[in-house]
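Engineer: Line by line, the protein sequences are chains A and B.
So the first sequence is numbered by the working numbering: it starts at 2 and just counts up by one.
So the second sequence is numbered by the working numbering: it starts at 2 and just counts up by one.
Just so you know, even glycine gets a beta-carbon here, dropped at the ideal spot from N, CA and C.
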Amino acid sequence: MDAEYFRFLYDYLYWARDKVLAAAEGLSEEEYKRDVGFTYHSVRGILTHALAGEAVWLPRAWREQPGPFLHEDDVPTLAALRERWQAEESKQRAYLAKLTDAEAAGSVTFKGRDGNDRTLPVWQILTMEFHHTVQHRSEAAEALTILGHSPGDLDLVFYTRERGL
Amino acid sequence: MKPDEAMTLYEYAWWARDRLLTAADGISDEEFGRDNGFTYSSLRGILVHAMDAEASWCSRFLREEVKRPPGDGELLSVAALRERWALEETRLRRFLADVTEVALTDDFVFQRRNGQEIRTPLWVLLTHVVNHGTQHRSEAAEALTMVGRSPGSLDFTTYVWE
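1) When Cβ atoms are compared, which residues of the segment 139-150 of chain A fall closer than 7 Å to chain B?
2) In chain order, what residues of the same chain lie with their CB nearer than 7 Å to the CB of Arg120(B), ignoring the 5 residues before and after it?
3) For a contact defined as C-beta to C-beta under 8 Å, what are the partners of His133(B) on chain A?
4) Closest by CA to Ala62(A), which one among Val76(A), Met129(A), Phe70(A)?
5) Is Thr128(A) close to chain B? Criterion is C-beta to C-beta, closer than 8 Å.
6) Please confirm if Tyr6(A) has its CB atom under 8 Å from at least one CB of chain B.
7) Express the C-alpha separation of Arg164(A) and Ala17(B) in angstroms, rounding to a whole number.
8) Suppose you measure from the CA of Leu48(A) to the CA of Ser29(A); what does that come to, to the nearest Å?
9) Indicate whether Glu140(B) and Ile47(B) have their beta-carbon atoms separated by less than 8 Å.
10) Of all the beta strand (DSSP E) runs that stay within the bounds of the segment 51-138 of chain A, which reach a length of 3 or more residues?
11) If you draw a straight line from the C-alpha of Tyr11(A) to the C-alpha of Ser29(B), how long is it?
12) Assuming Pro152(B) contacts Ala142(B) (C-beta within less than 8 Å), just tell me the rounded distance between them.
13) Considering only residues of the same chain and omitting the five flanking positions on each side of Thr128(B), which have a CB-CB separation below 6 Å?
14) Can you give me the start and stop residues for the alpha helix (DSSP H) that Phe62(B) sits inside?
15) Could you pull out every residue in the same chain whose Cβ sits closer than 7 Å to the Cβ of Glu55(A), ignoring the five residues on either side in sequence?
16) Out of Asp19(B), Leu21(B), Arg114(B), state which residue places its alpha-carbon closest to the alpha-carbon of Arg69(B).
17) Can you grab the Cα-Cα spacing for the pair Glu31(B) / Asn37(B), in whole Å?
18) Just mark Asp102(A) as buried or exposed, buried being the case when its beta carbon has 16 or more other beta carbons within 10 Å.
19) Leaving out five residues before and five after Glu90(B) in sequence, what residues of the same chain have Cβ atoms less than 7 Å from its Cβ?
20) Measure the Cβ-Cβ separation of Glu143(A) and Thr40(B) and say whether it is below 8 Å.
21) Could one say the Cβ of Glu12(B) lies closer than 8 Å to chain A's Cβ atoms, at least one of them?
22) List, in order along the chain, the chain B residues whose C-beta lies closer than 7 Å to that of Gly68(A)?
23) Any C-beta of chain B within less than 9 Å: which residues of the segment 31-43 of chain A qualify?
24) Applying a beta-carbon distance threshold of less than 7 Å, which residues of chain A neighbour Asp73(B)?
25) Can you have a look at Glu238(A) and say buried or exposed, based on whether 16 or more other CB atoms are within 10 angstroms of its CB?
26) For Asp26(B), which residues of its own chain have a beta-carbon under 7 Å away from its beta-carbon, when the five flanking residues on both sides are left out?
27) Can you give me the start and stop residues for the alpha helix (DSSP H) that Arg95(B) sits inside?
28) Are there 16 or more other CB atoms within 10 angstroms of the CB of Gly1(B), so buried, or fewer, so exposed?
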């Protein structure tokens, strides 16, 4: 997969994330933290996990050491979560803007959470993290819908139509 | 996107789907169709929607008639859904095996259910179908986990390492 493909994918990812965050703005603080019976318990828990995944995996593609794994206390409010996510987005967009096809096809070696070295092609890291966010964003969308705040349609084809692609 | 890359994404999607269906094995038909409060109402509803979307897009890609979605009285068991999905997978594999790099880049012209003509590069549509599957697979995974049947990790790297 070439660099342009990932620029497209991640632009879509942030478009859909913003729809989810906009829907979450309609929740009270209690609803945002309410346990809805999902694996990550609440809209806050699910979104924090999605962000935490990006904050760990994407720096590996950038050849940087990720910070500590994020927990809900690190981004306790929706505003704090949004601010942190936008900071991660800025770094990812800057990285993608310069990414070449050769770099996407190349590999990086990083330390896994178990301390062991792992080597993966960059395209696999970017694919993995894209799908990870989609998985948990989808859970957040379902949780929001259950709470009466559906984010609307998150399909890729709605993004392409909106962007005139 | 190149043809082998498209195939990789679909291989991953079917691997993850099979993890879900394995986790659902042994579930009663009643539990499969039980309303769980999700948008697509039940585990069956979620999975049938995911399968039907994949099948409908496959029909468009193959220039075949898009079938109507399965009715309330169809695909009532995990086994029936698995059997149907395997048939749809075979059709889509046939399309993916023959697709060329040029075809992926070209606009694919099709009509929406309302008759509107749409032109979109084929690689965008193939990416959409995989992404749509990820969305609803995630809902199904959560629904399964809620009834004590987690499918385990569905991450792309888990697939790669396996």
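Structural biologist: Well, looking at it:
1) Sequence-ordered contacts of the segment 139-150 of chain A with chain B read Ser139, Glu140, Glu143, Thr146, Ile147 [C-beta pairs closer than 7 Å].
2) Looking up residue 120(B) in the second sequence gives position 119. Result list for Arg120(B): Asp108, Val110, in chain order.
3) Reading the second sequence from its first residue, position 132 is the one you call residue 133(B). Within 8 Å Cβ-Cβ: Asp156, Leu157.
4) Counting from one through the first sequence, the residue named residue 62(A) turns up at place 61. Nearest C-alpha to Ala62(A): Met129(A).
5) Here residue 128(A) refers to the residue found at position 127 of the first sequence. Yes - at least one Cβ of chain B is within 8 Å of the one on Thr128(A).
6) Sequence index remark: in the first sequence, residue 6(A) carries index 5 (1-based). For Tyr6(A), the closest Cβ of chain B is nearer than 8 Å.
7) By one-based count along the second sequence, residue 17(B) stands at place 16. By one-based count along the first sequence, residue 164(A) stands at place 163. Across the structure, Ala17(B) and Arg164(A) are spaced so that their CA atoms are roughly 30 Å apart.
8) What you label residue 48(A) is simply residue 47 of the first sequence in a count that begins at 1. What you label residue 29(A) is simply residue 28 of the first sequence in a count that begins at 1. If you take the alpha carbons of Leu48(A) and Ser29(A), they lie about 16 Å apart.
9) On the second sequence, position 139 is the one that residue 140(B) refers to. On the second sequence, position 46 is the one that residue 47(B) refers to. With respect to the 8 Å criterion, Glu140(B) and Ile47(B) are classified as neighbours on the basis of their beta carbons.
10) Within the segment 51-138 of chain A, the runs of beta strand (DSSP E) at least 3 residues long that lie entirely inside it are, in chain order, 108-112, 118-122.
11) If you number the first sequence from 1, residue 11(A) lands on position 10. If you number the second sequence from 1, residue 29(B) lands on position 28. Looking at the two C-alpha atoms, the distance is approximately 39 Å.
12) Position 151 of the second sequence, counted from the first residue, corresponds to residue 152(B). Position 141 of the second sequence, counted from the first residue, corresponds to residue 142(B). The pair is a contact, with the Cβ atoms about 5 Å apart (cut-off 8 Å).
13) By 1-based counting over the second sequence, the position of residue 128(B) is 127. Excluding positions up to five away in sequence, the list is empty.
14) Taking the first residue of the second sequence as position 1, residue 62(B) is located at position 61. Where Phe62(B) is concerned, the enclosing alpha helix (DSSP H) stretches over 44-62.
15) For the purposes of this step, residue 55(A) is identified with residue 54 of the first sequence, where counting begins at 1. Around Glu55(A): Glu89, Glu130, Thr134.
16) Reading the second sequence from its first residue, position 68 is the one you call residue 69(B). Ranking the options by Cα distance to Arg69(B), first place goes to Arg114(B).
17) For the purposes of this step, residue 31(B) is taken as the residue at position 30 of the second sequence. For the purposes of this step, residue 37(B) is taken as the residue at position 36 of the second sequence. Pairing Glu31(B) with Asn37(B), the inter-Cα distance amounts to about 12 Å.
18) One-based indexing of the first sequence puts residue 102(A) at position 101. Asp102(A) should be labelled exposed.
19) Start at 1 with the first residue of the second sequence, and residue 90(B) comes out as number 89. Contacts found: Trp15.
20) Sequence index remark: in the first sequence, residue 143(A) carries index 142 (1-based). Sequence index remark: in the second sequence, residue 40(B) carries index 39 (1-based). A distance below 8 Å separates the beta carbons of Glu143(A) and Thr40(B).
21) Taking the first residue of the second sequence as 1, we reach residue 12(B) at position 11. Chain A, which has no Cβ nearer than 8 Å to the Cβ of Glu12(B), makes this no.
22) Here the question's residue 68(A) lines up with position 67 in the first sequence. Those do not exist, as Gly68(A) stays about 20 Å from chain B at its closest Cβ, beyond 7 Å.
23) Those residues of the segment 31-43 of chain A placed with their C-beta closer than 9 Å to a C-beta in chain B are Gly38, Phe39, Thr40, ordered along the chain.
24) Residue mapping note: residue 73(B) aligns to position 72 of the second sequence, counting from 1. Those within 7 Å of Asp73(B) in chain A number zero; the least Cβ separation is about 21 Å.
25) This structure cannot speak to residue 238(A), because chain A is shown only from 2 to 166.
26) Here the question's residue 26(B) lines up with position 25 in the second sequence. Scanning its chain for C-beta atoms nearer than 7 Å, with the 5 sequence neighbours on each side dropped, one finds around Asp26(B) the residues Val79, in chain order.
27) On the second sequence, position 94 is the one that residue 95(B) refers to. It spans 79-99 - the alpha helix (DSSP H) in which Arg95(B) sits, taken as one unbroken run.
28) Because residue 1(B) is not part of the residues shown, which for chain B are 2 to 163, the question remains open.
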